[in-house]
Amino acid sequence: MKDYVQESIANLKFFVERLNFLHKVSQKISERKPLSRLLNEILEESKVVMEAEASSLMLFDPEDKHLYFQVATGSKGKAVKRRTVRLGEGIAGWVAKHKQPLLIDDCYKDKRFDASHDEKLKYTTRNMICVPLMRKKKLLGIMQAINKKNDGTFTQQDLHIFETLASQCAIAIENAGLIEAQIQTEALERELETARTIQQALLQQIPEYDDLDAAAQLIPAKHVGGDYYNITRLNRRESLFLVADVSGKGIPAALIVSTICSCMQTFLKITKSFDLKRFVGSLNKVLIDSTTMDKFVTCWIGLYDHENRTLSSVNAGHNPPYLFRKNGKLPETLETGGLFLGTMDISFEIESVKLNAGDVLVFYSDGITEAFNNKEEEYGDEALIRMVTGKRQESAREILDAVVSDVRRHAGRATQSDDLTCGVIKVL
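Per the working numbering, the very first residue in the sequence shown carries number 367; after that it's consecutive.
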């Protein structure tokens with residue numbers, strides 16, 4: 367009776383120790399610490415609880431179908447970590463391939479055991495437990511406990527404990543991946559927000575004119591966009607109007623926008639008098655040299671002479687700006703120019719138009735006219751013309767706000783798929 371009580375107490379102590387161990391593991395998993403450090407701590411403690419000489423954890427790479435040691439405890443741990451195992455190779459490879467646990471009392475009697483590892487490490491593997499690390503039916507790796515101390519053998523109870531531990535480690539690995547992804551996402555969000563701030567800074571403040579009323583707005587579809595506009599007073603007599611749309615979206619398009627802006631600023635600094643045709647040609651050559659074959663830029667550029675109220679215009683494959691005459695029923699379009707920029711070294715044509723008081727010039731990107739609603743219906747040129755025609759007696763800002771508001775009304779709850787850019791110049 368006394369022996370029975372002592373054995374029961376020993377068994378109870380055994381289970382309490384393992385429950386405490388698993389509880390500690392659960393607590394560790396909730397801590398935010400590097401995965402390698404966490405797994406090292408868990409495997410070192412598991413080696414003690416399992417009364418094993420060594421323990422290891424290998425992660426599976428689905429691309430090359432190999433297992434790589436993440437943790438290896440015991441006297442040969444450092445040497446073991448330099449080795450890899452192919453899927454299906456040895457005990458670890460078999461467990462990974464079949465996603466089934468193994469409890470082996472005598473490894474050298476098991477045909478799946480690869481004794482070459484022992485030979486190279488000068489080590490003898492007597493017995494082991496090897497279990498797969500699974501999460502949502504996906505193989506993450508395997509765990510091993512090697513050589514029960516005091517020449518003992520692992521039991522079914524040991525196997526159950528080790529399987530429970532493996533499931534906890536799988537959660538830790540998954541959580542670490544989620545945390546890492548979250549950290550990377552947060553870092554990217556911060557970088558994109560910085561990029562957005564920088565890109566917004568490229569949109570210089572619109573100058574105040576005595577003879578013109580000007581307004582413009584850019585609403586990117588993402589943090590950073592591929593649209594760009596500029597309204598710049600070059601000198602007392604001339605002003606430059608520009609709108610550009612880079613093919614594609616996101617960071618690649620934003621980098622090209624930066625190139626356009628820097629090219630423009632450099633050109634303005636190195637030339638005493640502005641030559642519109644030369645500027646367009648230079649910008650085209652820069653984009654040919656600095657962009658890839660799949661990237662191009664549509665662009666419209668206008669040079670306004672304040673003294674004689676003449677607008678010189680070059681359209682490089684862009685949506686034609688609309689010129690609404692004070693008493694005209696339909697707007698004129700500014701289409702003369704050439705192909706879009708960044709593909710071929712060609713010459714561009716210029717057209718000139720005389721502007722009068724009350725005329726309204728509207729330039730925009732295709733994000734305005736191609737804005738879709740949930741029924742996949744475009745906003746369209748007719749809607750843009752109708753809106754500006756009805757508002758052309760108002761200020762440039764009021765016209766612009768009316769256009770943007772109408773585009774958003776049309777789109778409703780549909781996701782904005784492209785950058786929205788629009789500029790309005792009204793002759794006073």
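Built from N, CA and C at the ideal position, the CB exists for glycine as well.
Report the three-state DSSP secondary structure of Ile329 (helix, strand or coil).
-> The question about residue 329 has no answer, for the chain in this structure spans 367 to 794.
So Gly746 is in the alpha helix (DSSP H); what residue range does that whole segment cover?
-> Note, Gly746: alpha helix (DSSP H), Gly746 to Lys757.
Coil, strand or helix - Ala618 by DSSP = The displayed chain sequence assigns Pro, not Ala, to residue 618. DSSP places Pro618 in helix when its eight states are reduced to three.
What's the gap between the Cα of Tyr434 and the Cα of Arg449?
-> Using only the alpha carbons, I get a separation of about 7 Å.
When you compare each of Asp671, Ala418, Asp576 and Cys665 to His684 by their alpha carbons, which one comes out closest?
-> Residue nearest to His684 within the set Asp671, Ala418, Asp576 and Cys665 is Cys665 (criterion: CA-CA distance).
To the nearest angstrom, how far is it from the Cα of Ser648 to the Cα of Ala538?
-> Cα-Cα distance, rounded: 56 Å.
Report the rounded CA-to-CA distance for Asn406 versus Leu499, giving the unit in angstroms.
-> Across the structure, Asn406 and Leu499 are spaced so that their CA atoms are roughly 16 Å apart.
Unbroken beta strand (DSSP E) run spanning Arg501, endpoints | Note, Arg501: beta strand (DSSP E), Met494 to Arg501.
Helix, strand or coil: which one does DSSP assign to Ala587?
-> Ala587 sits in coil when the DSSP states are folded into three classes, being neither helix nor strand.
Can you give, in chain order, each stretch of the alpha helix (DSSP H) that sits fully within the region 677 to 737 and has at least 4 residues?
-> List check, alpha helix (DSSP H) in window: 732 to 735.
Considering only C-alpha positions, which residue in the set Tyr575, Lys588, Ile508 and Arg752 is nearest to Leu409?
-> The residue with the shortest Cα to Cα distance from Leu409 is Ile508.
Three-way DSSP call (helix, strand, coil) for Met659 in this model | In the structure shown, Met659 sits in coil (DSSP, three-state: anything other than H, G, I, E or B).
To the nearest angstrom, how far is it from the Cα of Asn419 to the Cα of Ile470?
-> It is Glu, not Asn, that sits at residue 419 in the sequence shown. Taken atom to atom, the span from the alpha-carbon of Glu419 to that of Ile470 is near 15 Å.
Alpha carbon to alpha carbon, how far is Lys320 from Ile495?
-> Nothing about residue 320 can be reported from this structure: the residues present for the chain run from 367 to 794 only.
Does DSSP put Thr481 in a helix, in a strand, or in coil?
-> It is worth fixing the name first, because residue 481 is Ala in this sequence and not Thr. The three-state reading of DSSP puts Ala481 in coil, since its state is none of H, G, I, E or B.
Identified DSSP bridge partners for Thr664 | Answer is Asp611.
Determine the closest residue to Ala438 out of Phe633, Glu429 and Leu423, with distance taken between C-alpha atoms.
-> Ranked by how close their Cα comes to the Cα of Ala438, the residues Phe633, Glu429 and Leu423 have Leu423 in first place.
DSSP three-state assignment for Lys463, whether helix, strand or coil = Residue state, collapsed to three classes: helix.
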